[in-house]
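According to the numbering used here, the residues represented by the sequence shown are 2 to 159, in order. Report on the structure given below.
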Amino acid sequence: LGRSFGSDWYGAVALNYGLTRIGNGESSNGTVNADASIRFKAGDEIELGFQAKGIFAQEKNPMITTSAPVVSMGVVYHPTKVHVSCSIEKSPEFRPSFTTAVRYHLTEKLIVLSGFSTVPAQAGFGFGIKIRKWEFICAGSVHNMLGISRNISINLMI
């Protein structure tokens with residue numbers, strides 16, 4: 002849920018549910034989290050952002066050891082075809098993490114995604130198809146402890 006405040010400010014809140022499956026079906030865990038963000042348009046192609054998020058309900062999950070809020074600040078550069086984002090994320094319990102992502106629009110309908118994070122060390126790659134207001138994204142990532150993960154997301158742009 003988001004709202005613009007003039008031509009340069011934008012705020013949003015979100016409620017998310019994530020389901021994690023570990024191994025070959027040995028374990029499955031769900032997590033509910035919320036986040037709030039503010040973005041400022043610093044020019045035609047640059048946005049600055051601030052986000053706070055936290056886990057407030059979770060099933061027993063040994064992989065999630067914190068429910069402390071996480072704060073991140075970042076910058077997004079988005080000319081016509083390429084969107085580059087960089088952010089620093091910090092929670093009270095962990096070292097700061099640097100994350101960067103690149104989203105490249107090969108055509109109006111085809112998208113290539115890549116990115117990496119420092120804490121924990123993780124790299125990802127994916128591709129997507131945009132059909133009208135819908136995006137279908139298939140991605141994967143390599144985590145230094147968890148190995149290879151797959152992700153499918155369906156996004157409606159309103």
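Beta carbons are placed, not taken as given, at the ideal position from N, Cα and C, and that holds for glycine. Being a predicted model, the structure only gives us computed values, none of them experimental.
- Less than 9 Å divides the Cβ of residue 39 from the Cβ of residue 12.
- A direct Cα-Cα distance of roughly 25 Å separates residue 129 from residue 121.
- The DSSP-derived three-state label of residue 96 is coil.
- Counting other Cβ atoms within 10 Å of its Cβ, residue 75 reaches 16 or more and is therefore classed as buried.
- For residue 124, the enclosing beta strand (DSSP E) has its first and last residue at 123 to 132.
- Considering only 55, 82, 73 and 15, the residue with the shortest C-alpha distance to residue 89 is 73.
- Using a 10 angstroms sphere on the CB of residue 96, the tally of other CB atoms stays under 16, which defines it as exposed.
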